[in-house]
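Student:
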Amino acid sequence: MSATTDHPIEQVGGVTAKYVDQRLGSNKFLGRNLGKVFPDHWSFMLGEIALYSFIVVLLTGTFLTLFYDPSMVEVVYNGAYVPLKGVEMSQAYASTLDISFEVRGGLLIRQMHHWSALIFVAAIAVHMFRVFFTGAFRKPREFNWLVGVGLTALALGAGFTGYSLPDDLLSGTGLQIIRGILQSIPLVGTWSAFLMFGGEFPGTEIIPRLYAAHILLIPGLLLGLISAHLMMVWTQKHTQFPGPGRTNSNVVGYPLLPVYMAKAGGFFFIVFGIIALIGGLVTVNPIWIFGPYMPDQVSAGTQPDWYIGWLDGALRLMPNWESVIAGFTISWNVLIPSVIIPGILFTALAFYPFLEAWATGDKREHNLLERPRNAPVRTSIGVVAIVFYGILWIGGGNDIIATTFDLSFNALAWTLRVLLIAAPPIAFVVTKRICLGLQRKDREKLLHGYESGRVLRLPHGEFIEVHQPLNYKELAVISAKEDLPVLPAPVKTDSDGVRNPHYRVDQLRHKVSSFFLRDNIERPTDAEIEAGQAHAAHSAALEAPLNEYELQDEDPVGHGGVLHHPGMPLTNQEQIDQRQQ
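Going by the numbering used here, the letters in the sequence shown line up with residues 602 to 1182, in that order.
1. Along the alpha helix (DSSP H) that carries Y1073, what are the first and last residues, could you check?
2. Would you kindly report the start and end of the unbroken beta strand (DSSP E) that includes F1006?
3. Can you give me the C-alpha to C-alpha distance between H1136 and L1057, rounded to a whole angstrom?
4. Can you tell me which of I987, F873, F989 puts its alpha carbon nearest to the alpha carbon of I579?
5. Just reading off the beta strand (DSSP E) that T930 is part of, what are its end residues?
6. Rank F798, R1180, L817, H815 by C-alpha distance to the C-alpha of I807 and give the top, closest one.
7. Start and end of the alpha helix (DSSP H) containing F952?
8. DSSP three-state call for M833: helix, strand or coil?
9. What whole-angstrom Cβ distance do S654 and F721 have, given they're in contact under 8 angstroms?
10. Can you tell which of L1020, V1087, Y1104, P1086 has the C-alpha that lies nearest to the C-alpha of T1094?
11. By how many angstroms is the C-alpha of I725 removed from the C-alpha of T753?
12. Sorted by chain position, which residues of the same chain lie with C-beta nearer than 7 angstroms to Y855's C-beta, five sequence neighbours on each side aside?
13. Taking all protein chains shown into account, do 16 or more other C-beta atoms lie within 10 angstroms of the C-beta of N975, making it buried, or fewer, making it exposed?
14. Is the Cβ-Cβ distance between A1141 and P1070 less than 9 angstroms?
15. Relative to the alpha-carbon of S924, which residue among L936, D1007, W716, V985 has its alpha-carbon at the smallest distance?
16. Give the DSSP-derived three-state secondary structure of M862 in the structure shown.
17. So who's on the other strand from F639, going by DSSP bridges?
18. Going by the DSSP bridge assignment, what does S924 pair with across the sheet?
19. Once the 5 residues before and after S627 are set aside, which same chain residues still bring their CB inside 8 angstroms of it?
20. Please confirm if the segment 738 to 754 is in contact with the segment 828 to 835, defined as three or more CB-CB distances below 8 angstroms between the two stretches.
21. According to DSSP, is M713 part of a helix, a strand, or is it coil?
22. With burial defined as no fewer than 16 other Cβ atoms inside 10 Å of the residue's Cβ, what is the status of W792: buried or exposed?
23. Below 8 angstroms on the Cβ atoms is my guess for L770 versus P905; work out the distance and round it to an integer in Å.
24. Between the C-alpha atoms of I700 and I778, what's the straight-line distance to the nearest angstrom?
25. Whole-angstrom Cβ separation of S932 and L916, contact assumed at under 8 angstroms?
26. Rank L956, L857, T774, L817 by C-alpha distance to the C-alpha of S900 and give the top, closest one.
27. Tell me, which residues are paired with H1068 by DSSP?
28. How would you call I1177, buried or exposed, if buried means at least 16 neighbouring beta carbons within 10 angstroms?
29. Do you know how far the Cα of I782 is from the Cα of P809?
30. Rounded to the nearest angstrom, what separates G687 and V677 at their Cα positions?
31. Which runs of the alpha helix (DSSP H) at least 4 residues long sit entirely within the segment 716 to 780? Give them in chain order.
32. Exposed or buried, what is I909 when buried is set at 16 or more other beta-carbons lying within 10 Å of its beta-carbon?
33. Check whether the Cβ atoms of R1124 and L1047 sit closer than 9 angstroms, and answer yes or no.
34. Suppose the cutoff is 6 angstroms on Cβ atoms and the five residues either side in sequence are ignored; what does the same chain contact list for S717 look like?
35. Pairs of beta-carbons, one from the segment 1011 to 1030 and one from the segment 949 to 961, closer than 8 angstroms: are there three or more?
36. Where do the N-terminal and C-terminal ends of the beta strand (DSSP E) with M690 fall, by residue?
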């Protein structure tokens, strides 16, 4: 008889778990949730990249706060960077130089902080596009979409406030632009600028205020929204792409422990390592080149971080329009591109899920994602947004493009202005036609099977193209398409002659619904799909004997790769002898 004893570590773990469970009831909670299933798809890693890069931002930012001094007091630099010795600058700029050149590992941490922030914003943007194009924002995830829009806005705010802290010439020029944007707001613009800068620009208060917002206010809000986002994902369960065995009521994937946690932990270290590698090899924001900020100087040939480039481009492409109304000068050339357009875009972004649900009348819960081709109008709107953003982003570097390629600056500006108006509608039409073409192709696959590209001659002389039935995976993906009818047109009066008080709203809703849904290619019925696949299987069965015959062919050695069927003569002499017999 032998006795088994647990390892000392297991004994300590068991005692600790029992101690905690007796006080918090944790075992039941963990037993219920550690087995939660998460689907597996590469696009779901985009949200993880955003989360892990944010963790790197927090870690590196904590290190930088130990050495950064957010003071605008003027000092004479006497540090390690010789070209700037004896130059007057703010304490904020001097401390940033000290971090870069005198703190051990300071430049690496600075660059990791900057790169992780850039990746954080990029991952959020791409993740939002994935959610938008696949319809993951639909019921019951509208609030999570709003959280995502809030995270995007806060990420931009965090980037701007951090970008301004070094107080170099480049970031100071950005603050000068922000002051001009605030002053363009009618009635309250001047007072808003005074409030932000604590008086006249640049003042002595802006860097400490931005610092407080950058390390306290915005990170706190980001942490709160990220926590809310993860809690809603956990509660509502994760969406999944269509596939075999996947429905609105289940999740096909891997359990949280041990599979998903092991993969997530490994992926975090991959993201951390890539950020560290980029931070060590690729220079970003070399503030020592720009020098300290001087209000009478403006940096030329420089660009903001990529996520602000579209706003810079909007300012550059806007014509010089101004109006004087009731004695007030309205600078439309600043107000429209920097206040009105961003306000409209973020408002439309936040309310889009509700607009689409209102237009389509779709109030169902959706846990299966939608293929972009199956929502052509939504996909086209997303592509329009990308094209619009891309043109503005290119406009943010129009001076660099003009000098690099020896182009006329004015001609380039006017070309981008025309494209900004003409390209989005063209992108909408082209994208919608592509989506509808892909829908037609999917319908043909369901009704006739997969085109093999092989032509078969039947015994009675007819030539047919052999079709293969879809495999079970592709069949499950394509047949998951859902069709919604266009909302019916309202009537002005009912059968009793009573006027419909909601006629105008209902008529507008009918037109918007028709715009979204009228051109969709209808999915075949289940019976039609079954018949189509059976016909394709029959077509493939006609070719099966021929395939079996060809599989018997062999390549005899020394015959130049010519296939021979068993029993066929191998040489000319054998052929002659066979004919004579």
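Backbone N, C-alpha and C fix where the C-beta goes; we use that ideal spot for every residue, glycine too.
Keep in mind it's a predicted model, so treat the numbers as computed, not measured.
Tutor: Checking against the coordinates, here is how it stands:
1. 1073 to 1079
2. Taken as a continuous stretch (DSSP letters only), F1006 belongs to no beta strand (DSSP E), as it is neither H nor E.
3. 15 angstroms
4. The first residue shown for the chain is 602 and the last is 1182, placing residue 579 beyond what the model contains.
5. 929 to 932
6. F798
7. 942 to 961
8. helix
9. 4 angstroms
10. Y1104
11. 7 angstroms
12. V638, F639, D641, Y861
13. buried
14. yes
15. L936
16. helix
17. Y855
18. I931
19. A618, V621
20. yes
21. helix
22. exposed
23. Rounded, the Cβ-Cβ distance is 13 angstroms, inconsistent with contact.
24. 27 angstroms
25. Not quite, the Cβ-Cβ distance comes to about 11 angstroms (not below 8 angstroms), so this is no contact.
26. T774
27. E1052
28. exposed
29. 21 angstroms
30. 6 angstroms
31. 743 to 765
32. buried
33. yes
34. S654, V657, V658, I876
35. no
36. 689 to 691
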